[in-house]
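Protein chains in written order, with full-length UniProt numbering: chain A, 1 to 90; chain B, 1 to 288; chain C, 1 to 268. A short worksheet on the structure shown next.
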Amino acid sequence: MNWMAWTLPTALFFSFIAVILICMTVYEIKSPCVERKGFLPIETTRGDRLFIGLLASGYIHLVFVGLSEMSLFIALGISFVWLAIVLRWG
Amino acid sequence: MKKVVNNKAWFLVLPVVVLVAFSAIIPLMTVVNYSVQDIFDVNNAYFVGAEWYRDILQNPRLQDSLVRQFIFSFFVLLIEIPLGIAVALMMPTKGARASLCLILLAIPLLIPLNVVGTIWQVFGRTDIGLFGWTLTHLGMDYNYASNPIDAWFTVLLMDVWHWTSLVALLCYSGLRAIPDVYYQAASIDRASGWAIFRYIQLPKLQSVLVIGVLLRFMDSFMIYTEPFVLTGGGPGNSTTFLSQTLTQMAIGQFDVGPAAAFSLIYFLIVLLVSWLFFTTISHMDKAK
Amino acid sequence: MNKQTKKNVGISVYLFFVLLPIYWLLNMSFKSNEEILGALTLWPESFTFDNYAVIFTDPTWYMGYVNSMTYVMMNMAITLVVALPAAYAFSRYRFIGDKHLFFWLLTNRMAPPAVFLLPFFQLYSSVGLFDTHLAVALAHCLFSVPLAVWILEGFMSGVPREIDETAYIDGYSFHKFFIKIFIPMIGSGIGVTAFFTFMFSWVELLLARTLTSVEAKPIAAIMTRTSGATGIDWGVLAAAGVLTIIPGLLVVWFVRNHVAKGFALGRV
Numbered sequence: 001m002n003w004m005a006w007t008l009p010t011a012l013f014f015s016f017i018a019v020i021l022i023c024m025t026v027y028e029i030k031s032p033c034v035e036r037k038g039f040l041p042i043e044t045t046r047g048d049r050l051f052i053g054l055l056a057s058g059y060i061h062l063v064f065v066g067l068s069e070m071s072l073f074i075a076l077g078i079s080f081v082w083l084a085i086v087l088r089w090g
Numbered sequence: 001m002k003k004v005v006n007n008k009a010w011f012l013v014l015p016v017v018v019l020v021a022f023s024a025i026i027p028l029m030t031v032v033n034y035s036v037q038d039i040f041d042v043n044n045a046y047f048v049g050a051e052w053y054r055d056i057l058q059n060p061r062l063q064d065s066l067v068r069q070f071i072f073s074f075f076v077l078l079i080e081i082p083l084g085i086a087v088a089l090m091m092p093t094k095g096a097r098a099s100l101c102l103i104l105l106a107i108p109l110l111i112p113l114n115v116v117g118t119i120w121q122v123f124g125r126t127d128i129g130l131f132g133w134t135l136t137h138l139g140m141d142y143n144y145a146s147n148p149i150d151a152w153f154t155v156l157l158m159d160v161w162h163w164t165s166l167v168a169l170l171c172y173s174g175l176r177a178i179p180d181v182y183y184q185a186a187s188i189d190r191a192s193g194w195a196i197f198r199y200i201q202l203p204k205l206q207s208v209l210v211i212g213v214l215l216r217f218m219d220s221f222m223i224y225t226e227p228f229v230l231t232g233g234g235p236g237n238s239t240t241f242l243s244q245t246l247t248q249m250a251i252g253q254f255d256v257g258p259a260a261a262f263s264l265i266y267f268l269i270v271l272l273v274s275w276l277f278f279t280t281i282s283h284m285d286k287a288k
Numbered sequence: 001m002n003k004q005t006k007k008n009v010g011i012s013v014y015l016f017f018v019l020l021p022i023y024w025l026l027n028m029s030f031k032s033n034e035e036i037l038g039a040l041t042l043w044p045e046s047f048t049f050d051n052y053a054v055i056f057t058d059p060t061w062y063m064g065y066v067n068s069m070t071y072v073m074m075n076m077a078i079t080l081v082v083a084l085p086a087a088y089a090f091s092r093y094r095f096i097g098d099k100h101l102f103f104w105l106l107t108n109r110m111a112p113p114a115v116f117l118l119p120f121f122q123l124y125s126s127v128g129l130f131d132t133h134l135a136v137a138l139a140h141c142l143f144s145v146p147l148a149v150w151i152l153e154g155f156m157s158g159v160p161r162e163i164d165e166t167a168y169i170d171g172y173s174f175h176k177f178f179i180k181i182f183i184p185m186i187g188s189g190i191g192v193t194a195f196f197t198f199m200f201s202w203v204e205l206l207l208a209r210t211l212t213s214v215e216a217k218p219i220a221a222i223m224t225r226t227s228g229a230t231g232i233d234w235g236v237l238a239a240a241g242v243l244t245i246i247p248g249l250l251v252v253w254f255v256r257n258h259v260a261k262g263f264a265l266g267r268v
């Protein structure tokens, strides 16, 4: 595993993703979700919204890195807020 | 078709998941790890945060190759999609001639990518290649190795030669799925050729065209071997596309960190585009 | 000129455009280097098999074909074995995460091989598979498996469910039904899938070249040898190129009636 060059931040990142996926699966088994229409232009399921949220978060980080010198923690904060909004109202 | 809910189906997909996860997730995690470190060797790696990402996003060489890549993919779609439809419309509909056409059309798709590059490298040369020789003797100043415009023209022509068949075969199978009744009705109504195309054939081609656009966009977006063999990315950097820039960085200069950051940005672009296409396709399937 | 004639002329012109560069390669492969470099001739004036003789007598050359064939075959076998049940699951059942799983598979088909180059090299070196046929076969699974699942799912969706249900009522177990009844029914779909798996694995060079050095080196990588100190050996290069086209031609012949449907991933 040495060649994979793990670092603490990336390990945390992947654990976070894994935990989300596990939670979503458990939640899905407990209460299966139905497609619904929120403020996004298409009908989405919970999983779709999670994916849209995460992908957009990736782009938010890229924009921050590419266009500004601001700390990435701001981008991280914005991403969390965005993720919550999409999951709840998307 | 109504599908049954059955979570045991997971056992059937498990082998695929394990296999692809081994080849996709482990490498992807590794790329993420590399992208945040400055790596000299296995025991000397330093965490640098988002440094490489900033470098990459602000690096003019990469921005240029990204722009070139989009222009290239745009032209590929602009030429190959209409040409492919036209070829499919002209193909014989049945019998041995149709089979022959199919096989001949499929030939370019079956040639290893570097051989495609070699074929055009030879074919376009002004001394020993028929194409370059003909152009030169027609009085044109053609040289794909020194003139960027000629190089672009040759790379595009090669891609059209190589991949238009894919679009044509897709459309051909789409056209064969139209029942004869439609055409009979159209001929009773004395519909013009254009009207038949616009109101009968094109709507039926919609789903195959989405697949065609998707495959052509993706494959042209990751094109590497053919231009690498044909022009080596030159003259200058005029035909250096994304994959080649990336490969140069990763293998040529062994800049592991920046190459990894670049890979992930590349991957995010691809992920967004394929998600858009996939959503479109599944919505069209649903509409049916 | 009536419409049919116009169409025939059009398709002939296009096919001419497709075949001309290939003819030129074929033409060159039968010429000596002196003739190639000497003057432009439309057909070989001193017809020779020497270029082919070079390839067939030198093991470092022809082993390249053997290597390529080996990993392509392994890739085809692995792909079909894992993709058949998965495609069945996708075409018949709904299960948690099915849509997302399918999409995730597809993203791997779309991912540029260049992205995976470095980690693949490390991964296969660390598990001791570097420079083996299996490494290339596994690496190619990354895009052949998703494609195979996609195509097979399209073909399987065309088979009515009632057939499955009748078989189960008749007392077939899943395994028996799948192997004895279902697989023969989608024979053409499997043929087309095998063709596409073959095609994408056969034409790919970047991963195959990176993951091998001597033992499993593909023909496409060996071809770069022709550019030596004395310039490029055009004749041998052309002959090697021609020989790489032949396997594909043989394969497309067998599935010629289904190729178009396969290109549409079974969904027309």
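For every residue, glycine included, the Cβ atom is placed at its ideal position computed from N, Cα and C. If you're wondering where the values come from, they're calculated on a predicted model, not measured in any experiment.
What are the complete alpha helix (DSSP H) segments, minimum 4 residues, inside the region 217 to 253 of chain C? Counting only runs of 4 or more, we get 219 to 222.
Looking at chain C, is there any beta carbon in it that lies within less than 8 Å of the beta carbon of B:M140? Within the second sequence, numbered from 1, the residue matching residue 140 of chain B stands at position 140. No, B:M140 lies away from the interface with chain C (no Cβ there is under 8 Å from its Cβ).
Can you tell me whether B:M140 is buried or exposed? The criterion is at least 16 other CB atoms within 10 Å of its CB, across all chains shown. One-based indexing of the second sequence puts residue 140 of chain B at position 140. By the neighbour-count rule (16 or more Cβ atoms within 10 Å), B:M140 is not buried but exposed.
Is the beta carbon of A:G47 closer than 8 Å to that of C:H133? Looking up residue 133 of chain C in the third sequence gives position 133. Looking up residue 47 of chain A in the first sequence gives position 47. The answer is no: Cβ separation not under 8 Å.
What's the gap between the Cα of A:I29 and the Cα of C:P112? By one-based count along the first sequence, residue 29 of chain A stands at place 29. By one-based count along the third sequence, residue 112 of chain C stands at place 112. Going from the Cα of A:I29 to the Cα of C:P112 covers about 35 Å.
Would you report the Cα separation of C:A167 and C:A208, rounded to the nearest angstrom? The residue you call residue 167 of chain C lines up with position 167 of the third sequence. The residue you call residue 208 of chain C lines up with position 208 of the third sequence. Each residue's Cα considered, the two are about 43 Å apart.
Would a check of beta-carbon distances place B:T280 closer than 8 Å to chain C? One-based indexing of the second sequence puts residue 280 of chain B at position 280. No, B:T280 lies away from the interface with chain C (no Cβ there is under 8 Å from its Cβ).
Any contact between the region 14 to 22 of chain A and the region 52 to 63 of chain B? By contact I mean 3 or more CB pairs, one from each, below 8 Å. Touching, no.
Along the region 70 to 102 of chain C, where does the CB come closer than 9 Å to a CB of chain A? Name the residues. Listed in sequence order: I96, G97, K99 and H100.
Mapping DSSP to helix, strand and coil, what is C:Y93? For the purposes of this step, residue 93 of chain C is identified with residue 93 of the third sequence, where counting begins at 1. Assignment of C:Y93 by DSSP, reduced to helix, strand and coil, places it in the strand class.
Out of C:M28, C:T79 and C:N8, point me to the one whose CA is closest to B:V20's CA. On the second sequence, position 20 is the one that residue 20 of chain B refers to. Nearest of C:M28, C:T79 and C:N8 to B:V20, Cα basis: C:T79.
Can you check which of these residues, B:F22, B:S23 and B:V48, is closest to B:N33 by C-alpha distance? Indexing the second sequence from 1 puts residue 33 of chain B at position 33. The shortest Cα separation from B:N33 among B:F22, B:S23 and B:V48 belongs to B:V48.
Which residues in chain C sit within 7 Å of A:T10, going by Cβ to Cβ distance? Counting from one through the first sequence, the residue named residue 10 of chain A turns up at place 10. In chain C, no part has a C-beta under 7 Å from the C-beta of A:T10; the shortest such distance is about 13 Å.
For the 8 Å Cβ check, are there 3 or more pairs between the region 68 to 76 of chain A and the region 53 to 66 of chain C? Too few Cβ pairs lie closer than 8 Å, so no.
According to DSSP, is B:Q58 helix, strand or coil? Residue numbering aside, residue 58 of chain B sits at position 58 when the second sequence is read from its first letter. In this structure, B:Q58 counts as coil in the three-state DSSP scheme.
In whole angstroms, what is the alpha-carbon distance linking C:M69 and C:G154? By 1-based counting over the third sequence, the position of residue 69 of chain C is 69. By 1-based counting over the third sequence, the position of residue 154 of chain C is 154. Straight-line spacing of the CA atoms in C:M69 and C:G154 works out to 28 Å.
Considering only the beta carbon of each residue, do B:V36 and A:T10 sit closer than 8 Å? The count along the second sequence starts at 1 and reaches residue 36 of chain B at position 36. The count along the first sequence starts at 1 and reaches residue 10 of chain A at position 10. Taking the C-beta atoms as reference points, A:T10 is found nearer than 8 Å to B:V36.
Excluding sequence positions up to five away, which residues of its chain have a Cβ less than 8 Å from the Cβ of C:V149? Here the question's residue 149 of chain C lines up with position 149 in the third sequence. Excluding residues within five positions, the ones whose Cβ falls inside 8 Å are A83, A86, A87, F90, F102 and L105.
Could you check if C:L250 is buried or exposed, using at least 16 other CB atoms within 10 Å of its CB as the buried criterion? Against the third sequence, residue 250 of chain C aligns to sequence position 250. A residue is called buried when at least 16 other Cβ atoms come within 10 angstroms of its Cβ; C:L250 does not meet this threshold and is exposed.
When you check each C-beta in the region 200 to 218 of chain C against every C-beta of chain A, which residues fall closer than 9 Å? Those would be none; no residue qualifies.
I'd like to know whether the C-beta atoms of B:T239 and B:T245 end up nearer to each other than 8 Å. In the second sequence, residue 239 of chain B corresponds to position 239, counting from 1. In the second sequence, residue 245 of chain B corresponds to position 245, counting from 1. Contact annotation: B:T239 and B:T245 have beta-carbon atoms that are not nearer than 8 Å.
What's the C-alpha gap between B:I211 and C:S188? Counting from 1 along the second sequence, the entry for residue 211 of chain B is found at position 211. Counting from 1 along the third sequence, the entry for residue 188 of chain C is found at position 188. Answer to the nearest angstrom: the Cα atoms are 21 Å apart.
Who are the neighbours of B:Y224 on chain C, taking C-beta pairs under 9 Å? By 1-based counting over the second sequence, the position of residue 224 of chain B is 224. Chain C residues near B:Y224: P112, P113, A114, L205 and L206.
With a Cβ-Cβ cutoff of 8 Å, do C:L26 and C:V252 count as a contact? Along the third sequence, read from residue 1 onward, the residue named residue 26 of chain C stands at position 26. Along the third sequence, read from residue 1 onward, the residue named residue 252 of chain C stands at position 252. No, the Cβ-Cβ distance between C:L26 and C:V252 is not below 8 Å.
Any chain B beta carbon closer than 8 Å to C:P21: Numbered from 1 along the third sequence, position 21 holds the residue referred to as residue 21 of chain C. Interface with chain B (8 Å Cβ-Cβ cutoff): C:P21 is included.
To the nearest angstrom, how far is it from the Cα of B:N114 to the Cα of B:V122? As a position in the second sequence, residue 114 of chain B is number 114, starting the count at 1. As a position in the second sequence, residue 122 of chain B is number 122, starting the count at 1. Spanning the two alpha carbons is a distance of roughly 12 Å.
Chain A beta carbons: is any one of them nearer than 8 Å to that of B:D182? For the purposes of this step, residue 182 of chain B is identified with residue 182 of the second sequence, where counting begins at 1. The question names Asp, yet the displayed sequence has Tyr at residue 182 of chain B. For B:Y182, the answer is no, since every Cβ of chain A falls outside 8 Å of its Cβ.
Going along the chain, which residues of the region 27 to 52 of chain B sit with their C-beta nearer than 8 Å to a C-beta in chain A? Correct list: M29, T30, V32, N33, Y34, V36, Q37, I39, V42, A45, F47, G49 and A50.
What residues of chain C sit near A:E28, judged by a beta carbon separation below 9 Å? Taking the first sequence and counting its residues from 1, the one referred to as residue 28 of chain A is at position 28. When 9 Å is used as the limit between beta carbons, A:E28 is near these residues of chain C: I96 and G97, in chain order.
Other residues of its chain near C:A135: CB distance less than 7 Å, five sequence neighbours each side excluded: Here residue 135 of chain C is taken as the residue at index 135 of the third sequence, counted from 1. Same-chain partners within the cutoff: Y124, L129 and L211.
Chain B contact residues for residue 269 of chain C, given Cβ-Cβ distances below 9 Å: Because residue 269 of chain C is not part of the residues shown, which for chain C are 1 to 268, the question remains open.
Reduced DSSP category for B:F123 - H, G, I as helix; E, B as strand; rest coil: Counting from 1 along the second sequence, the entry for residue 123 of chain B is found at position 123. Helix, per DSSP.
Could you tell me whether the Cβ of A:T44 comes closer than 8 Å to any Cβ of chain C? Stepping through the first sequence from its first residue, residue 44 of chain A is reached at position 44. Interface criterion not met: the Cβ of A:T44 is under 8 Å from no Cβ in chain C.
Quick check on this structure: which residue in B:K8, B:I107, B:T280 and B:L83 has the alpha carbon closest to the alpha carbon of B:V160? The residue given as residue 160 of chain B occupies position 160 in the second sequence. Of all alpha-carbon atoms in B:K8, B:I107, B:T280 and B:L83, the one lying nearest the alpha-carbon of B:V160 is that of B:L83.
Let me make sure I understand the geometry here. Which of B:T154, B:G193, B:I111 and B:V18 has the alpha-carbon closest to that of B:L135? Position 135 of the second sequence holds residue 135 of chain B. Among B:T154, B:G193, B:I111 and B:V18, the Cα nearest to that of B:L135 belongs to B:T154.
Spell out whether any CB of chain C is found under 8 Å from the CB atom of A:M73. If you number the first sequence from 1, residue 73 of chain A lands on position 73. The residue you asked about is not Met; residue 73 of chain A is Phe in the sequence shown. So, not an interface residue.
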